[in-house]
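In what follows, a single structure is set out as structure tokens and then discussed.
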Amino acid sequence: MEDTACPACGGAFGERIPYPGAQAGRFSLHFEHIGVCAGCGLGMALPRHTQAELDAFYADGSYWSDAVGRSRGQSFHERNQCRHRVARALGVLGNASALRVLDVGAGHGWTAHWLERLAPGAVAAFEFIEPDEACSREILARRPGAGTTRLASLAVARAGYHLVFLNHVLEHMAEPAQCVASVSALLAPGGVAYFEMPHADQRFKADVFPHTWFFTPAALARLAAGCGVAEVLREAFGRMPSRRGLDLAWRVAFRVSAALGLADLAGALDDRVWRYQAGADGIWLRWVLARGARDAAPVKPASRPG
85 MEDTACPACG GAFGERIPYP GAQAGRFSLH FEHIGVCAGC GLGMALPRHT
135 QAELDAFYAD GSYWSDAVGR SRGQSFHERN QCRHRVARAL GVLGNASALR
185 VLDVGAGHGW TAHWLERLAP GAVAAFEFIE PDEACSREIL ARRPGAGTTR
235 LASLAVARAG YHLVFLNHVL EHMAEPAQCV ASVSALLAPG GVAYFEMPHA
285 DQRFKADVFP HTWFFTPAAL ARLAAGCGVA EVLREAFGRM PSRRGLDLAW
335 RVAFRVSAAL GLADLAGALD DRVWRYQAGA DGIWLRWVLA RGARDAAPVK
385 PASRPG
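This is the structure we're talking about:
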């Protein structure tokens, strides 16, 4: 195993498990194993790739179209996920006016859509980072005007954001601690950064490609402490639905509603399928960070599944 200390707690990567997924020869990235930190449970994909290699892979865009696909159902699922993210982030932020927002890894732009739906007129400037050219054009078309700007990278972002979103981004970065530190430095006083990522998804998914990190709540807590930022919220949520019984019925109903373009119904059915409520061992993690006086607020513990 590569001689690398855990970026979260400094511990050793002892256990080594096979990397779930059959991507050999299909893409420019390839992983064989996951090293698991003995201290905090953080998983690291091996062999490691540089950020330049990762950026080139995501800029190509072929993975998302060839492997993930751009079905209408997937689009409606992403739409509903962003509804929950924006609602949660706005609830933590409190005051929602003249906001300057940065969306890192913006995908199809649903974050911008829901900011306007849930807080009309509150966003003064929306900036985004998205390596995929087709997705970037979609975002600019969805939110046209001088208030929307595409950035090349975090390096060119100017400090002073009230809200920064990184939805399913951190698990794709080469250096997560560096990313967290860079993002926290961009926050305005009272601003928050909303992160979302899988909860150690190598435990329950047959294919985790192209994830490079596999986070646990303990790893996030240590990562925040090491970066000198404060946690406002850290919780697991959601669940992996089965493919039978009522779960199957909800899934079929969701696909039909998505195919018919019934957005609100599809969102309600997506809620039934994935259950976005907090739970002790949910399949995703929400993580909200801040850097000001509000940092002293206690982290809300995840509730037990009902």
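Count the sequence shown with our numbering and you get residues 85 to 390, in order.
Here a beta-carbon is modelled for each residue, glycine too, at the ideal position from N, C-alpha and C.
Please read these numbers as outputs of a predicted model, since none were measured by experiment.
### Message
Quick check on Asp-182: does DSSP put it in helix, strand or coil?
### Response
Sequence check: residue 182 is Ala here, not Asp. Here Ala-182 sits in coil by DSSP.
### Query
How many whole angstroms separate the CB atoms of His-117 and Ala-258, which I take to be in contact at a CB cut-off of 8 angstroms?
Contact doesn't hold; Cβ gap of about 17 angstroms is too wide.
### Query
Taking Cβ positions, are Glu-222 and His-252 nearer each other than 8 angstroms?
no
### Pairwise C-alpha distance: Ala-230 and Ala-364
43 angstroms
### Query
What's the gap between the Cα of Arg-100 and the Cα of Glu-315?
29 angstroms
#### Entry: Short Cβ contact (8 angstroms threshold) for Asp-285 with Ile-367
yes
### Task
Ignoring anything shorter than 4 residues or poking outside the stretch 157-220, list the alpha helix (DSSP H) runs there in chain order.
194-202
#### Entry: Burial state of Leu-330 (16 or more Cβ within 10 Å)
exposed
#### Entry: Beta-carbon proximity check, Phe-115 vs Tyr-103, cutoff 8 angstroms
yes
### Query
Rounded to a whole number of angstroms, what is the C-alpha to C-alpha distance between Ala-380 and Gly-244?
At Ala-380, the pLDDT of 39 sits below 50, so the modelled position is not reliable and the matter cannot be decided from this model.
### Task
Can you grab the Cα-Cα spacing for the pair Arg-359 / Leu-270, in whole Å?
32 angstroms
### Query
Looking only at its own chain, which residues have a Cβ that is under 6 angstroms from the Cβ of Val-120, when we skip the five neighbours before and after it?
Glu-99, Gly-127
### Task
Please determine if the stretch 300-312 and the stretch 338-356 are in contact, where contact requires at least 3 C-beta pairs separated by less than 8 angstroms.
no
### Task
Could you tell me which residues DSSP puts in a beta bridge with Phe-279?
Leu-250, Trp-371
### Message
If I follow the unbroken beta strand (DSSP E) through Val-316, where does it start and stop?
### Response
314-321
### Query
From this set, Ser-155, Leu-183, Arg-184, Ala-196, which residue's C-alpha is nearest Val-170's C-alpha?
Ala-196
### Message
In the DSSP output, what is Pro-260 paired with across the bridge?
### Response
The partner list for Pro-260 (beta bridge, DSSP) is empty, contrary to what the question assumes.
### Task
Could you pull the start and end residues of the alpha helix (DSSP H) that Arg-100 belongs to?
Looking at the DSSP string, Arg-100 is not in any alpha helix (DSSP H); the run it does join, the beta strand (DSSP E), is 97-102.
### Message
I'd like the list of long-range same chain contacts for Leu-130, defined as Cβ closer than 8 angstroms, with 5 residues on each side in sequence excluded.
### Response
Met-85, Glu-86, Arg-100, Tyr-103, Phe-115, Glu-116, His-117, Ile-118, Gly-119
### Query
Would you call the CB atoms of Ala-239 and Ala-208 closer than 8 angstroms?
no
### Message
Given the structure, does Ile-223 come close to the ligand FMN, in the sense that its CB is under 7 angstroms from one of the ligand's heavy atoms?
### Response
This structure does not include the ligand FMN; it has no bound ligands of any sort.
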